[in-house]
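Engineer:
Right, dumping it as structure tokens:
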């Protein structure tokens, strides 16, 4: 079993130290470990060109046409069994490079989309043109969010955003360590409890590999949502609320000063990070063309005129 550690922070700074300590724990649990720091990797942003999905739907592999260091990190992830990833929080949420990677990695490795394409190829009898089997492998992941502020609300979007890393591949989140107050701590090695915590996270991630989801005990603080364990809840003016990360509905009750949210088993099973949740979204996207296509066709004669003023923006605003 192989555990890959990824740090999106500065070299030999907080994120590197914490990921490496978690890998020490994973190695002690019997895993082969590898570490990568991304700071000097050139990972550009997704341009939304659609080439990856267009080629995939034509029976090709889902390759990003932007050639940079993205492919190197992508391959390392696909060849691992579990991942421990850390990212620094500079402005409420993880650093931009982390999000740039996810924007390119996530849609191209969506489990439901991969299965949908695989089914089509099987129907077409393309025995020698199957989807990369690594896309269907069960992955396990542990998250470490690292912030300097000593008030947790200044890193409040750090950990919830970290969960988007493994969402598209329905990775099983084994646990997390939400680290903040690093500005006053100086170095993680000066906090023995923190070092022990991330080491244990590494052990738990390694021990989870190959085990059914129901046999894996969550490692980390318990949150309001029983799936992602985050406390980010969207209110809509009623007692029906939504987990902002998982997109599932729960019922809110207030008992004095205490707020309780209950999520049904049915809702939990359709969370965004599950195959059922991903398939729900996949089917939603598949229906876009049937709705937008006729609209665009009906407007084909007037569309050029409607768009012209936007093409002439610079001219019209001088």
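Numbering (UniProt numbering), first residue to last: 1 to 318. C-beta: ideal position from N, C-alpha, C; glycine also. A quick note: this is a predicted structure, and the numbers were derived from the prediction, not measured.
In terms of residues, what are the limits of the beta strand (DSSP E) holding residue 32?
Structural biologist: 32-37
Engineer: If distances are taken between C-alpha atoms only, which option among 220, 186, 315, 213 comes closest to residue 198?
Structural biologist: 220
Engineer: Using beta-carbon positions only, say whether residue 2 and residue 31 come within less than 8 Å of one another.
Structural biologist: yes
Engineer: How about residue 85: is its C-beta nearer than 8 Å to some C-beta of chain B?
Structural biologist: Considering every chain present, this structure includes no chain B. It has just one protein chain.
Engineer: How about residue 166 and residue 273: do their beta carbons lie closer than 8 Å?
Structural biologist: yes
Engineer: Touching or not, the segment 27-46 and the segment 125-144, by the rule of three or more beta carbon pairs under 8 Å?
Structural biologist: no
Engineer: Exposed or buried, residue 309, counting other C-beta atoms within 10 Å across all chains shown (16 or more means buried)?
Structural biologist: exposed
Engineer: Check each candidate in 18, 72, 52, 78 and name the one with the smallest Cα separation from residue 196.
Structural biologist: Checking every option, the nearest Cα to that of residue 196 belongs to 18.
Engineer: On the DSSP letters alone, give me the boundaries of the alpha helix (DSSP H) that residue 131 sits inside.
Structural biologist: First-last for residue 131: undefined, no H or E at that position.
Engineer: Looking only at its own chain, which residues have a Cβ that is under 6 Å from the Cβ of residue 277, when we skip the five neighbours before and after it?
Structural biologist: 270, 271
Engineer: Measuring straight from C-alpha to C-alpha, what distance separates residue 262 and residue 250?
Structural biologist: 5 Å
Engineer: Hey, out of 318, 51, 287, 153, whose CA is closest to residue 93's CA?
Structural biologist: 153
Engineer: Using CA atoms only, rank isn't needed, just tell me which of 106, 89, 28, 88 is closest to residue 63.
Structural biologist: 106
Engineer: What is the residue span of the alpha helix (DSSP H) that residue 179 lies within?
Structural biologist: Here residue 179 belongs to no alpha helix (DSSP H); instead the beta strand (DSSP E) covers 172-179.
Engineer: Less than 6 Å between C-beta atoms, sequence neighbours within five positions excluded: which residues of the same chain meet that for residue 101?
Structural biologist: 43
Engineer: What's the gap between the Cα of residue 223 and the Cα of residue 85?
Structural biologist: 20 Å
Engineer: Would you decide whether residue 104 is buried or exposed? Buried here means 16 or more other CB atoms lie within 10 Å of its CB.
Structural biologist: With 16 or more Cβ atoms within 10 Å of its Cβ, residue 104 is classed as buried.
Engineer: Given that a residue counts as buried once 16 or more other Cβ atoms are within 10 Å of its Cβ, and exposed if not, what is residue 171?
Structural biologist: buried
Engineer: How big is the Cα-Cα spacing for residue 111 and residue 69?
Structural biologist: 23 Å
Engineer: Can the beta-carbon of residue 88 be found less than 8 Å from the beta-carbon of residue 9?
Structural biologist: yes
Engineer: Could you name the residues that DSSP lists as bridge partners for residue 258?
Structural biologist: 255
Engineer: Within 10 angstroms of its Cβ, does residue 313 collect 16 or more other Cβ (buried), or is it exposed?
Structural biologist: Residue 313 comes out exposed.
Engineer: Span of the alpha helix (DSSP H) holding residue 283?
Structural biologist: For residue 283, the enclosing alpha helix (DSSP H) has its first and last residue at 275-286.
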